[in-house]
Structures are given as structure tokens and as C-alpha cells.
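Student: Numbering (the working numbering), first residue to last: 565 to 1169. Every residue gets a Cβ at the ideal spot worked out from N, C-alpha and C, and that includes glycine. Given the structure is predicted, the values throughout are model-derived calculations rather than measurements. Take a look at this one; I'll ask things after.
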Ligand code: GDP
């Protein structure tokens, strides 16, 4: 008979690394490895003292003893310790207010495709050349800095909100000002709205550039009207949104735009200290032939110098060279300055924070500790500290007596249903529960939506739309919840249930197969058949299926006929072609996606 040790367990939170063995775990709880093994055996789990335990096993044993255990990823604790130990003194130094100086604004250009973002960035770049700067900006390093009158402005070279939100989702916030480009002849379009939502979610001020003013059909008043409808009321109309009219093609209005940017930067009081060891953010990085790992970094504070020992994510090294946006080697980089850094052990990842360590050993120890953690748990930073709750912790927030705010990213198949769902959701708001739509849009759920949800701690709701594969994968690794519905009252029921802490078990859908339609043909007596290629999993006759076009659900049903060559088959695996009979839905087109799934109830914890 197993008589467990009765020694008291340590008080308070006990940190246990995932994958610990009985030999690691026991002593942390004042027990022997044998105690752990015997206890698990009684629960029907056979493990040896040196075998890794699952999270459940560790939690079960802890619960048995009444111990309060927190599971962490291996390396995480060590990394936190190292950071605290090596950088503490620096953090103190940074607080010194008298060292703070104005720094140039970092600007990202966003807007709908073809509205002129790229041309505008090029034109601004040329302004600099015209201004007589020797050589001008010649290198594309992901960002450039240019003088304008007595000021400097830094522009991120990759236009659009994808990179912006991807960085934010990684906890990096480099952009100070967003320039929203709207074509005067085209007006506010879906990606314009996305850009506004993304900038707002990040709390970054917007300067609107109405572009293509040279076009005969330019209609800036209509654009102003559309912007006002979305809460961006222009100054001319008594609001506080700065609007400039430009033509990237003819180069008109560019000076005005630059002036507005510098004025806004002054209002925003962007400050940083050039003193002390540098801290910055990696914008992009890659491996270049002859140069090794190259990372473009924007310095946030301090001064980065050649020879500094640096660490960014798992990459570490000594700065071998710094190259600016003209391709010139420089000795140092000041706050808001983009610079290529050479000398890393490997390319870091976009969004990684760069820190200068006190010596190379420190940089290396930290980089290697992280490398170990990333190997075990993937390269994901801690989620940002955005306010507001997700669906699953809404009730907890309500109970704390605060006004709870539920953050949502809402995607629907058409504008009409988007409005209808929004309206119905709004009606659920109470004094103590507010809804906040971080973004609303038409179309399938994309990777970008997941990034935004992750950065803003939001739940994604899809109405008659589905996440694509990349969105699904990213959501899974970054712990973003996607809930999809095809019936509005089901959706409302779920939200109401969440408000009273009764969120029903999510019917988890397991996607069993995904096929791409390559061709649709008609066979006499059989009807239409979709010639498909199975991309993932397998397609089985009889399974539930959805047809998707650009992420929007166009049909649901069951697979009734499945063929390979002329044979009827039960199942077709990934990597093979097959024919899927379309008895009920004949309107499939090339490029549509066929998704089969199983439904499974999962208990909520
Ligand atoms: P992006 O997709 O937003 O980066 O747009 P681009 O900069 O690639 O521009 C899309 C198209 O619009 C290109 O053919 C440009 O030449 C054109 N374009 C951009 N700005 C202007 C402008 O101010 N006036 C006119 N007429 N055409 C422009």
C-alpha cells in the first residue's frame, strides 16, 4: 500500500517547467520521485521517474497535494531571470527624464491596394534627393529616414497594414503615425476601413492623404464624407483629423503632407534618450550571400554602435557593421533611425526586440536560452497587454465588478449580414458589458484578422465565412479563438451565455480534409463533377462538407459521390486527385475549396 509522504507542500506559486520528470517535480513539492510515480500508477498512468510528464499529470499530482503549480515553458524562467539580471541597471538609467530628447516620428503608409502608397513613398524619397542630399536614398533596407526642413522623418518602406499588425501581434509598436492614403477617384474601400481599424486598435494617430488629385474624376469631398462616416472628421469640418490633398504622380502636396507629419509629431511629444545602451525593434531580417545574417533595426532608445554585443530573439552577436539607408557604413545609430545590423549569429525575426548586452557572453547566454525555448514551444512572444476580454473570460471580468469590454473581430459573407449581425450584437450590450468591434469586414477570415485579434486580445466571430488554412494555423499557435456561425441566433445565444458565465462547450470542429477544385465537368447521367486535388488530410464519402469561395461559405452538405479514375472510392488521401460528385450544388468553380469536417463536443475548462 502506498503511503504518501505527509510533509507540507511549499506555500504560494510553484513554478514547474512543462515536460518535467517525476524526479524534477517531486522535490519541488517536497515529495520523492517515487511518490509521484506511485500516485500516477494509482491513476492508471505508468511512468518512470525519468520520463517526461504531461501537463495533466503534473496538475493532477499538484491538485492531490493542494499545491499551487504554474506550468511554464522550459527556458522561460531562465530567460526572465537573465533579462532581469543583465538589463535591470539599464532600465533604471532609461528612466532619467533629463536625458529625453525629441526623436523623429516613425511613419507607416496604409490604404487600399492601388491607391498609390508605393508611388507616394517613392515620391517622398525623391523629395529628399531634390533637396540636394548627396546621393539620396539608394538602398531599400525596409525603412528610410529623410530630412525635411529642420526635422527628420522615418518612413517604413513596406506599405499596408499587414506588416504593421504582424509586428504589433509580436508585441512591437514601432509606428508613431499612420498616413492613410485614399484615392480621390475611388474613395474609401475595404482595405481603407481595415487600415483605419488597425491604426485605431494600435492607438496610432492618422494623417489622411487624399491621393490622385490630378485625376479628372477626383472627388475629395466624397472622400471627406466617407471618412467622416467612419469617425475621421476632417479639421475643416470641425473635427481633428488632418487631411492633405496630394498627387503622388505629379508630386503636388507632398511638402504639405511632410509638414503636417512633423507638426503632429511635435504634438505627440515623441521623446527618447540617446544615452545608454540601445534598444530597438527588428523590422526585417534575412541571410545575404557574402554578408551573413542582416537585420534592419529601428533604434528606439540609446545609441547603437559598431562593436556592441547585441541580442534579438535567439540571435546574438557583436555588431560588425551598421549600414544606413544610403548604403553608407555608419559608426552609430540614434533613436528612430533605421539601420542594417551585421554580425548576428542568425537572422532574428521581424518584431524581435534588440537589446545591447553588457558583454558578448551575456548576449550569447540569453540568445541560447531563447533558442532552447523556441525549439520547445515555438517562437511566440507573450501576448500584448491589450485591455478588454475575450469571450471565454468575459464573465470573470463582469464578476470583478468592472465594466467588461468584449473585443471582437467580426467577419461576414456580405455587407448586409455584417450590418445585421452588428445590430443584433449591439442590442446585447448592458451597463456592465460593452462590445468593442476592433474590426468589421466582409470576406473570409485571414491571417491578418488573427494578427489583429491577437494584438488586441479579441475573439474572432465569423458569420458564413471560414478561416483559411494559414489563419487557422496561426490562431491555433497564438491562442486566438475563432467562432464561426451560420445562424444568427446561435451566435447571439453564445454571447449571452458568455455574459452569464455559461458559455456552452464549443462544438469543436476537426477539419478532416481540404481539397481544391481544379476543374468542373459534366458527365452524362452523373451530373457535374468537380475534379479536385486533396491538399490536406483526406476526403471521405459521407463526411460533412462545406464549399468555400474566398473564405465565404457558399454551400453545406454531405459528400455523396467520390471517385478516383472511374472507381467509386470511400476515401482519398492528401496528394491525390479525385472527382467529387455535385448532385445538389452545381455551381462550383475552379479555385473553390472543399472542406470536410467532423464535429466534436469539447468540455470547457
Ligand atoms: P499601392 O498599391 O497603393 O502601392 O499603389 P501604387 O503606388 O502601386 O499605385 C497604383 C497605381 O496608381 C499606379 O499605376 C500608379 O502609377 C497610380 N497612381 C499612384 N498615385 C497616383 C496619382 O497621384 N495620380 C495618378 N493619376 N495615378 C497615381
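In whole angstroms, give me the CA-to-CA distance for residue 988 and residue 791.
Tutor: If I take the Cα positions, the gap works out to 24 Å.
Student: Within 8 Å, do at least three Cβ pairs link the region 771 to 782 to the region 736 to 752?
Tutor: Yes, the region 736 to 752 touches the region 771 to 782.
Student: In the DSSP assignment, what are the bridge partners of residue 762?
Tutor: In the DSSP output, where bridge partners are listed per residue, residue 762 has none listed.
Student: Indicate the three-state DSSP secondary structure (helix, strand or coil) for residue 971 in the structure shown.
Tutor: If DSSP states are grouped into helix, strand and coil, residue 971 belongs with the strands.
Student: Rounded C-beta distance between residue 589 and residue 580? I'm assuming under 8 Å.
Tutor: About 6 Å; that satisfies the 8 Å criterion.
Student: Smallest Cα separation from residue 611: which of 740, 592, 583 and 684?
Tutor: Checking every option, the nearest Cα to that of residue 611 belongs to 583.
Student: Name the two residues that bound the continuous beta strand (DSSP E) containing residue 586.
Tutor: Residue 586 -> not in any beta strand (DSSP E); alpha helix (DSSP H) instead, spanning 586 to 592.
Student: Could you tell me if the beta carbon of residue 763 falls within a distance shorter than 7 Å of some heavy atom in the ligand GDP?
Tutor: No; taking the cut-off as 7 Å, the Cβ of residue 763 has no heavy atom of the ligand GDP nearer than that.
Student: State buried or exposed for residue 704, treating a residue as buried only when at least 16 other CB atoms are found within 10 Å of its CB.
Tutor: With fewer than 16 Cβ atoms within 10 Å of its Cβ, residue 704 is classed as exposed.
Student: Near the ligand GDP, which residues have their beta-carbon less than 6 Å from any of its heavy atoms, given in chain order?
Tutor: After applying the 6 Å Cβ criterion, the set is 675, 677, 678, 679, 680, 681, 682, 683, 723, 775, 776, 778, 779, 811, 812 and 813.
Student: Measuring only the C-alpha atoms, how far is residue 997 from residue 1061?
Tutor: Using only the alpha carbons, I get a separation of about 13 Å.
Student: Between which residues of its own chain and residue 931 is the CB-CB distance below 7 Å, once the five residues before and five after are set aside?
Tutor: Here the set comprises 875, 878, 879, 880 and 909.
Student: Which class does residue 1156 belong to by DSSP, given the choice of helix, strand or coil?
Tutor: DSSP places residue 1156 in coil when its eight states are reduced to three.
Student: Would you kindly work out how many angstroms separate the C-alpha atoms of residue 1077 and residue 1014, rounded to a whole number?
Tutor: Approximately 22 Å between the Cα atoms of the pair.
Student: Residue 635 lies in the beta strand (DSSP E); which residues open and close that run?
Tutor: 632 to 636 is the span of the beta strand (DSSP E), which, as asked, contains residue 635.
Student: Comparing C-alpha positions only, which one of 669, 1047 and 906 sits nearest to residue 854?
Tutor: Minimum Cα distance to residue 854 is reached at 906.
Student: Which residue or residues does DSSP assign as beta-bridge partners of residue 815?
Tutor: Per DSSP, none; premise fails for residue 815.
Student: Mind checking which residues open and close the alpha helix (DSSP H) that includes residue 554?
Tutor: Outside the modelled stretch of the chain, which goes from 565 to 1169, sits residue 554, for which no answer is possible.
Student: Classify residue 1012 as helix, strand or coil using the three-state DSSP reduction.
Tutor: Correct three-state label for residue 1012: helix.
Student: Have a look at residue 1030 and residue 1046 and give me their C-alpha separation to the nearest angstrom.
Tutor: Approximately 9 Å between the Cα atoms of the pair.
Student: Mapping the DSSP letters down to three states, classify residue 581 as helix, strand or coil.
Tutor: Looking at residue 581 - three-state DSSP - the assignment turns out to be strand.
Student: Can you tell me whether DSSP reads residue 780 as helix, strand or coil?
Tutor: Looking at residue 780 - three-state DSSP - the assignment turns out to be coil, as it is neither helix nor strand.
Student: From the DSSP output, read off the bridge partner residues of residue 801.
Tutor: In the DSSP output, where bridge partners are listed per residue, residue 801 has none listed.
Student: I think residue 593 touches residue 629, with their Cβ atoms under 8 Å apart; what is that distance to the nearest whole Å?
Tutor: Yes, they are in contact, since the Cβ atoms of residue 593 and residue 629 sit about 6 Å apart, within 8 Å.
Student: Consider the C-beta atom of residue 1037 and the heavy atoms of the ligand ADP; say whether any pair is separated by less than 7 Å.
Tutor: This structure lacks the ligand ADP; the ligands present are the ligand GDP.
Student: If you reduce the DSSP assignment to three classes, tell me which class residue 688 lands in.
Tutor: Helix.
Student: Check the C-beta distance from residue 1032 over to residue 1121 and give it rounded, since I have them as a contact under 8 Å.
Tutor: About 21 Å separates the two Cβ atoms, so there is no contact after all.
Student: Judging by CA-CA distance, which residue of 1005, 678 and 729 is the nearest neighbour of residue 847?
Tutor: Cα-wise, what sits closest to residue 847 is 729.
Student: According to the neighbour-count rule (16 or more other Cβ atoms, all chains shown, within 10 Å of its Cβ), is residue 946 buried or exposed?
Tutor: Its pLDDT being 42, under 50, residue 946 is placed unreliably by the model, and nothing is read from it.
Student: Taking all protein chains shown into account, do 16 or more other C-beta atoms lie within 10 angstroms of the C-beta of residue 574, making it buried, or fewer, making it exposed?
Tutor: Its Cβ having fewer than 16 others within 10 Å, residue 574 is exposed.
Student: With a threshold of 16 other CB atoms inside 10 Å of the CB of residue 967, please say whether the residue is buried or exposed.
Tutor: Exposed is the call here.
Student: Counting pairs of Cβ atoms below 8 Å between the region 713 to 726 and the region 913 to 920, do you hit three or more?
Tutor: These segments do not touch.
Student: Taking one C-beta from the region 763 to 773 and one from the region 736 to 744 each time, how about it: are there three or more such pairs within less than 8 Å?
Tutor: Yes, the region 763 to 773 is in contact with the region 736 to 744.
Student: For residue 603, is the classification buried or exposed, using 16 other Cβ atoms within 10 angstroms of its Cβ as the cut-off for buried?
Tutor: Buried, since its Cβ has 16 or more Cβ neighbours within 10 Å.
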